[in-house]
């Protein structure tokens with residue numbers, strides 16, 4: 001048994017809990033009865049019943065055992081030699097982490113369960129007889145620190161490039177002038193470590209895409225972070241090209257022998273404790289195969305309407321729309337503007353046991369629990385239109401069509417909405433009013449557009465200013481006029497500009513948020529739609545009826561200090577609409 005736990009029997013846990021926490025005698029009696037029935041520890045029963053949270057129980061255990069309790073762990077302060085001696089699998093399995101070497105030579109270790117003494121005894125063997133001092137921390141704190149600390153301890157991409165290049169040189173010397181076996185080279189450890197390191201670095205930098213681009217004498221690696229590409233490392237040697245690409249193709253289940261045709265694949269990864277879906281695409285170009293990987297976290301955290309950036313009026317409108325029994329709700333915008341995320345957030349809000357929700361997508365990007373998701377496959381005849389016909393025979397109440405690309409799909413979606421289904425879909429148009437004219441241009445009858453369409457939501461993604469380094473400035477009247485802002489009472493308007501710091505990788509921005517243009521289809525807009533009115537006229541009428549345009553919504557976020565004038569001008573078009581601030 002570990003020395004730290006042996007020395008402290010301490011006061012009875014029950015008495016400490018009643019004296020120092022919000023636990024009542026009745027709740028304690030309830031927990032003791034449950035413990036007698038299940039054999040669980042009292043601390044676990046109290047947390048599972050909701051009488052106390054984990055931190056409160058931990059404080060009481062610290063008092064009982066005489067052990068210090070850590071509220072936070074700084075992974076950067078952990079000495080690397082301690083991490084090298086303990087495998088990450090062991091640390092995660094037992095929820096423990098070495099923290100420091102104390103003045104007396106003993107090792108301080110954070111543990112979540114002080115009564116699980118076997119791992120502490122194992123640590124004494126790993127540290128060659130050195131004594132172990134236990135400190136308490138909750139499981140979430142320890143697991144987060146494990147992921148961060150061990151990620152920090154991995155080799156840099158530059159070191160791995162050097163290892164891989166040396167290894168290929170050694171391999172070439174062994175085989176002389178014979179052609180290199182790419183499969184064997186791809187299986188080599190330095191190449192695997194290099195690719196893994198690139199993926200880990202991309203996750204750490206919050207990258208959405210990784211680009212591997214071969215040129216005549218080098219391979220350029222770029223990450224897309226907050227919609228902007230940058231080079232995180234120096235170009236890789238050309239000698240690594242075949243091995244790196246082959247390794248990535250093996251991970252994605254692609255044919256490494258086929259280099260003349262584009263290929264698409266998918267990789268499932270776990271990095272720093274989080275699951276990721278990686279969509280992979282290869283395309284042959286002049287100097288080899290170009291690889292792009294899109295990283296999609298397998299989490300529902302981002303599918304929350306409140307976190308997308310909708311203002312109060314837009315959020316209330318979307319909440320009403322997704323509760324409708326029928327109609328079409330369209331989300332428009334260019335590729336990469338967050339349309340799919342918005343639709344997933346809408347589906348997540350209404351997803352319940354009593355609703356049958358079916359989607360047809362190209363491809364299925366993220367799995368939604370409880371939702372039937374179909375992936376189109378034109379090679380076997382499974383198109384949006386064909387799949388949508390079949391979906392209608394599956395008794396759905398809500399249907400998501402990934403994109404309306406042609407008249408056939410549009411007509412089936414319209415008919416589905418008119419026969420009692422709520423249909424969500426996307427279109428590639430610049431603003432909300434243009435969606436009406438786009439459907440008519442496809443060949444949908446104007447009266448059907450007017451009667452089936454419930455609303456159109458146009459959106460863009462803007463970069464959010466870094467809170468650590470953004471700087472307040474007073475804009476010129478010309479700058480305010482350019483984004484359509486005019487002060488109501490003549491007072492100066494204060495906005496913020498990016499500066500750049502270590503936290504935001506010296507870009508001045510960290511994260512992205514949506515700006516939106518929600519056009520509800522009321523009787524007046526419906527009348528214009530049936531008259532095949534042009535998009536500009538529809539837009540003027542929608543603004544008269546209270547619609548906030550993309551630039552007006554963005555201008556409000558500029559004045560609120562969320563983003564900058566330059567960023568808003570980058571992602572929106574001139575509209576001539578003045579926002580009263």
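Numbering (the working numbering), first residue to last: 1 to 581. Note that the Cβ used here is the ideal one computed from N, Cα and C, for glycine as well.
Element boundaries [beta strand (DSSP E), containing residue i]
| i | result |
| --- | --- |
| residue 401 | 398 to 401 |
| residue 361 | 357 to 361 |
| residue 270 | 263 to 271 |
| residue 136 | 132 to 136 |
| residue 416 | Looking at the DSSP string, residue 416 is not in any beta strand (DSSP E); the run it does join, the alpha helix (DSSP H), is 407 to 418. |
| residue 110 | 107 to 111 |
Reduced DSSP secondary structure (H/G/I, E/B, other) of residue i
| i | result |
| --- | --- |
| residue 52 | coil |
| residue 576 | Below a pLDDT of 50, predicted positions are generally treated as unreliable, and residue 576, at 49, falls in that range; no measurement from the model is reported. |
| residue 516 | strand |
| residue 195 | helix |
| residue 447 | helix |
| residue 72 | coil |
| residue 553 | helix |
| residue 119 | helix |
| residue 226 | coil |
| residue 367 | coil |
| residue 308 | coil |
| residue 528 | helix |
| residue 281 | strand |
| residue 387 | helix |
| residue 327 | strand |
| residue 507 | coil |
| residue 291 | strand |
| residue 425 | strand |
| residue 254 | coil |
Buried versus exposed, by CB contacts within 10 Å (16 or more), residue i
| i | result |
| --- | --- |
| residue 128 | exposed |
| residue 142 | buried |
| residue 223 | buried |
| residue 48 | exposed |
| residue 352 | exposed |
| residue 447 | exposed |
| residue 33 | exposed |
| residue 85 | exposed |
| residue 274 | exposed |
| residue 313 | exposed |
| residue 252 | buried |
| residue 104 | exposed |
| residue 72 | exposed |
| residue 506 | exposed |
| residue 261 | exposed |
| residue 550 | buried |
| residue 358 | buried |
| residue 98 | buried |
| residue 36 | exposed |
| residue 263 | buried |
Limits of the alpha helix (DSSP H) - the one that residue i falls within
| i | result |
| --- | --- |
| residue 478 | 477 to 482 |
| residue 436 | 434 to 442 |
| residue 319 | 312 to 322 |
| residue 339 | 339 to 350 |
| residue 90 | 88 to 94 |
| residue 248 | 241 to 251 |
| residue 26 | 25 to 38 |
Between the CA atoms of residue j and residue i - distance to the nearest angstrom
| i | j | result |
| --- | --- | --- |
| residue 409 | residue 416 | 10 angstroms |
| residue 404 | residue 444 | 12 angstroms |
| residue 370 | residue 268 | 20 angstroms |
| residue 461 | residue 526 | 28 angstroms |
| residue 347 | residue 132 | 50 angstroms |
| residue 479 | residue 491 | 16 angstroms |
| residue 93 | residue 365 | 30 angstroms |
| residue 380 | residue 399 | 22 angstroms |
| residue 14 | residue 467 | 45 angstroms |
| residue 546 | residue 553 | 12 angstroms |
| residue 210 | residue 294 | 6 angstroms |
| residue 90 | residue 194 | 24 angstroms |
| residue 390 | residue 384 | 10 angstroms |
| residue 494 | residue 520 | 32 angstroms |
| residue 43 | residue 137 | 14 angstroms |
| residue 337 | residue 292 | 18 angstroms |
| residue 64 | residue 22 | 17 angstroms |
| residue 543 | residue 484 | 14 angstroms |
| residue 537 | residue 335 | 26 angstroms |
| residue 288 | residue 377 | 27 angstroms |
CB contact check: residue i to chain D, cutoff 7 angstroms
| i | result |
| --- | --- |
| residue 141 | This model lacks chain D altogether; it includes just one protein chain. |
Any non-hydrogen atom of the ligand SAH within 6 angstroms of residue i CB
| i | result |
| --- | --- |
| residue 118 | The model depicted lacks the ligand SAH and carries no ligand whatsoever. |
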